[in-house]
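Participant:
Residue numbers (this note's numbering), protein chains in the order written: chain A, 3 to 424; chain B, 3 to 424.
The structure is reproduced here in structure tokens:
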């Protein structure tokens, strides 16, 4: 995706909203970039909106309308990052660093027109690369772009990570540093389990699953993008200068074998999903397809799906799936007409937790699933649904048992820190 | 500058920062626009940044640098209006009005590259006009545009007025309503002189002079633009629904004759200028040109200029001019090398006031100048400099006498309100 005629190594760095939360932190970020420049690097920086700017703007729009126009919300929200790029560039200039800012549109981020959750179609990094002819730093607004008609778009929550990775791919950088308020990726959420260990490396596929399962550190789309374009991500602390976690390809490498001696890389818990049960659907071909088509039209992607005949004497099926809690009502509304026509019904349960183990080969390593179910059972939790893939196994359990089950599974796969276990 | 294929009359309205200072006021502005739509109009609205947003952003940049990069200041400041257009469009939508927002760049405002005080080169209103195919209101960010290289620019203080007038010209509207926190143009500043009267109409040229002289209501460039493209400006209150003042062409009309029976339309006082005296410059051709060329290079336009030989026995000249107080030091720095080379010197006096009378024909109406000087003398003020043009006469007096002299001149030309004079 593009090549550069410049000799100096180009580094891509991303700083989140907390890292630039106030003028003092903005200055610290500028100083960190300045030191990379002093070491002879050119730096393309992606930056988020300062602190709670985005939430504040959303609240302002909410005061004016219950359902703010999505196009206009994007016009509003893109100002947050635009302020950040200007201020960071001014801070860099004050340190004597030659820098230049770029909005998403100016940096060549072309997206589709899905306001609020747009996807990057193309990054034309020419203007950014040209800036390095007389600047050492290009400061690019994260989270945003424009569509073919010149409408401003945003990539949705966590979109700045995707901006950074896509920028790295477009300018031909082989590493993208993501600075955040944690110092890397852990075997599980260290706020929940004190025994969690920081990982030195993690494979793209493992990270994709963990990200999708609610590890807040990286946005799944950024990991997908990184894997697709072979960009190594270095997740590290914005406040502590030590190495973090490398997200890279481990499959087929020497390292991979070492790591798979421990089949499970991480354990994740997700309390933000709900389970929807569909009752009394006729056991005929095409019914499930119709229901999921309705959900798709409403923009809802079910996550775990199970389907099974109730009993031999009953020709009506039972089916269940999980969706994010905030779209439960939308999901029920979407399938109601079809269910009504079939004399079927649906019910929702929000008191569930999705517990998942992730590892390069968990799906095909004998005994892994059994060991997980055993650990869950040891804390008295009933398993309601199970899904598996090559890199993860997920179970749905009552939310009340979530924390205890997480701790038991983390320990069962030998992920507790040695000193904590001692 | 463009034509429209739409049948409904198109109105241009501009709302300043005070009018959209908070969510409640934003809602009021939306309601006012909605009522124009209900009357069958299509409306192109220009809006400024909310309340003190611009000042707050400038302060933020000031915390990071003593001299923030001008390009980046523009990137920062344009976010203020961008937030306003999004929020106003959301507020309009909440009232059921079909509206669409445009940044300056999206609305086709092409400017030169003078960051912080860019001039509009061209307005390509195609996108705005196209929006009226399925919307009733286009909400355009004031004060901003982009240059030929896609850099964001701002038009400088008061630039939103210019945006509104240029937009009116580009979409072919013949009137531009400027909503502000006063209810029109007065014979002088009503905060200073209680006897000031509101004018029903004022000529472009008179308004140009008054605007340039510190009447804060309209930016001079907007008036210049209105005169050039024949756009009538209606300055009116954002809070009180009664007619304000029309800025239009009065010359050669019946109205003009009636108005010139009172030769003076308005009186203005300006305390923001300083006088620079240049001493001991040789009386040779080209010296003044050199000094003013140096000032021009520094971006400084002197306002009043007087020059005269000191005495017959002295071959060295005296010269004086006025500049805005905030560039006094820059002006002195700019001419110092030339003065040093000529063994000349300069001194500055900030304790001055510029008192001006404005009227379509003051410069050519016998007795007007004399009556003004007499009124100034009646309060014991010494006149330091005098300049005249067809539409104004200005004098420099000590700032201590400014208020009293203003009152005397206002009364001398019969501008006091009848009831106040009684």
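Glycine is no exception: its CB is placed at the ideal position from the N, C-alpha and C atoms.
#1: Pull the bridge partners of residue 199 of chain A from the DSSP assignment, please.
#2: To the nearest angstrom, how far is the alpha carbon of residue 176 of chain A from that of residue 203 of chain A?
#3: What whole-angstrom Cβ distance do residue 110 of chain A and residue 126 of chain A have, given they're in contact under 8 Å?
#4: So, is residue 99 of chain A buried or exposed, given that buried needs 16 or more other C-beta atoms within 10 angstroms?
#5: Taking the alpha-carbon positions, what's the residue 235 of chain A to residue 10 of chain A distance?
#6: Go ahead and pull the three-state DSSP assignment for residue 157 of chain B.
#7: Is there a Cβ from chain B that is less than 7 Å from the Cβ of residue 50 of chain A?
#8: Measuring only between beta-carbons, confirm whether residue 146 of chain A sits less than 7 Å from chain B.
#9: Have a look at residue 288 of chain B and residue 346 of chain B and give me their C-alpha separation to the nearest angstrom.
#10: At 4 residues or longer, and completely inside the region 301-364 of chain A: list those alpha helix (DSSP H) runs for me, N to C.
#11: To be precise: take each residue of the region 71-86 of chain B, compare its Cβ to all Cβ atoms of chain A, and keep it if any distance is under 9 Å. Which residues remain?
#12: Does the beta carbon of residue 56 of chain A come closer than 7 Å to any beta carbon on chain B?
#13: One question on the structure: do residue 154 of chain A and residue 148 of chain A come within less than 7 Å of each other, judged by their Cβ atoms?
#14: Taking the straight line between their C-alpha atoms, what separation do you get for residue 1 of chain A and residue 115 of chain B?
#15: Counting only C-beta atoms, is residue 91 of chain B closer than 7 Å to chain A at any point?
#16: How many Å lie between residue 152 of chain B and residue 108 of chain A at the Cα?
#17: Out of A/33, A/40, A/61, state which residue places its alpha-carbon closest to the alpha-carbon of residue 66 of chain B.
#18: Under a three-way DSSP split, which group does residue 165 of chain B fall into?
#19: Taking the straight line between their C-alpha atoms, what separation do you get for residue 294 of chain B and residue 356 of chain B?
#20: List the residues of chain B that residue 152 of chain A touches, going by C-beta distances under 9 Å, in chain order.
#21: Could you pull out every residue in the same chain whose Cβ sits closer than 8 Å to the Cβ of residue 366 of chain A, ignoring the five residues on either side in sequence?
#22: Label residue 140 of chain A either buried or exposed according to how many other C-beta atoms from any shown protein chain fall within 10 Å of its C-beta, with 16 as the threshold for buried.
#23: Would residue 313 of chain B pass as an interface residue toward chain A - the criterion being a Cβ-Cβ separation below 7 Å?
#24: Tell me, which residues are paired with residue 239 of chain B by DSSP?
#25: May I ask you to verify whether the region 371-381 of chain A touches the region 326-335 of chain A, counting CB pairs closer than 8 Å and requiring at least 3?
#26: Using a Cβ-Cβ cutoff of less than 7 Å, which residues in the same chain neighbour residue 83 of chain B once the five nearest sequence positions on both sides are dropped?
#27: Could you tell me which of B/353, B/352, B/370 sits nearest to residue 360 of chain B, measuring between CA atoms?
#28: Does any residue of chain A have a CB that is nearer than 7 Å to the CB of residue 88 of chain B?
#29: If you count every other CB in all the chains shown that lies within 10 Å of the CB of residue 136 of chain A, and 16 or more means buried, which is it?
#30: Quick check: the region 235-250 of chain B against the region 189-197 of chain B, are at least 3 beta-carbon pairs closer than 8 Å?
#31: Per DSSP, what kind of secondary structure is residue 46 of chain A in: helix, strand or coil?
#32: What number of angstroms, rounded off, separates the C-alpha of residue 428 of chain A from the C-alpha of residue 278 of chain A?
#33: What's the C-alpha gap between residue 44 of chain B and residue 13 of chain B?
#34: From this set, A/304, A/78, A/85, A/69, which residue's C-alpha is nearest residue 53 of chain A's C-alpha?
#35: Per DSSP, what kind of secondary structure is residue 52 of chain B in: helix, strand or coil?
#36: Are the beta-carbon atoms of residue 103 of chain A and residue 87 of chain A separated by less than 7 Å?
Facilitator: According to the data block:
#1: None; residue 199 of chain A has no bridge partner.
#2: Taking C-alpha positions only, residue 176 of chain A is separated from residue 203 of chain A by approximately 16 Å.
#3: Right, the Cβ-Cβ distance comes to about 3 Å (below 8 Å), so this counts as a contact.
#4: The residue in question, residue 99 of chain A, is buried, as its Cβ has 16 or more Cβ neighbours within 10 Å.
#5: Each residue's CA atom was taken as its position, placing residue 235 of chain A and residue 10 of chain A some 20 Å apart.
#6: If DSSP states are grouped into helix, strand and coil, residue 157 of chain B belongs with coil.
#7: Taking Cβ atoms only, chain B never reaches closer than 7 Å to residue 50 of chain A, which makes this a no.
#8: It does not: the Cβ of residue 146 of chain A has no partner Cβ on chain B nearer than 7 Å.
#9: Those two C-alpha atoms are separated by around 15 Å.
#10: For the region 301-364 of chain A, whole alpha helix (DSSP H) runs of length 4 or above, ordered along the chain, are 330-343.
#11: Cβ contacts with chain A come from 71, 73, 74, 75, 76, 77, 78, 79, 80, 81, 82, 84, 85.
#12: It does not; no Cβ of chain B falls within 7 Å.
#13: The Cβ atoms of residue 154 of chain A and residue 148 of chain A lie closer than 7 Å to each other.
#14: Summary: the structure shown does not reach residue 1 of chain A, with chain A confined to residues 3 through 424, and so no result is reported for it.
#15: At least one chain A Cβ lies under 7 Å of residue 91 of chain B.
#16: So the two alpha carbons sit approximately 7 Å from each other.
#17: It is A/33.
#18: DSSP places residue 165 of chain B within a helical segment (H, G or I) once states are collapsed to three.
#19: Each residue's alpha carbon lies about 21 Å from the other.
#20: Those within 9 Å of residue 152 of chain A in chain B are 107, 108, 129.
#21: So the list reads 392, once near-sequence residues are dropped.
#22: Classification for residue 140 of chain A: buried.
#23: Low confidence applies here, because residue 313 of chain B scores a pLDDT of 48, under 50, leaving its location unreliable; read the following figure in that light. So no, residue 313 of chain B is outside the interface.
#24: In DSSP, residue 239 of chain B forms a bridge with B/182.
#25: The region 371-381 of chain A vs the region 326-335 of chain A: no contact.
#26: Around residue 83 of chain B: 49, 50, 51, 143, 144, 145, 146.
#27: Check the Cα spacing between residue 360 of chain B and each of B/353, B/352, B/370: the tightest is with B/370.
#28: Interface criterion met: the Cβ of residue 88 of chain B is under 7 Å from a Cβ in chain A.
#29: Note on residue 136 of chain A: under 16 other CB atoms within 10 angstroms of its CB, so exposed under the neighbour-count rule.
#30: By the Cβ rule, the region 189-197 of chain B does not count as touching the region 235-250 of chain B, because fewer than three pairs are nearer than 8 Å.
#31: Here residue 46 of chain A sits in strand by DSSP.
#32: An answer regarding residue 428 of chain A cannot be provided, because it is not within the stretch 3 to 424 covered by chain A.
#33: Approximately 6 Å between the Cα atoms of the pair.
#34: From the listed residues A/304, A/78, A/85, A/69, the smallest Cα separation to residue 53 of chain A is found for A/85.
#35: Three-state result, residue 52 of chain B: coil.
#36: Cβ distance < 7 Å, so residue 103 of chain A and residue 87 of chain A count as in contact.
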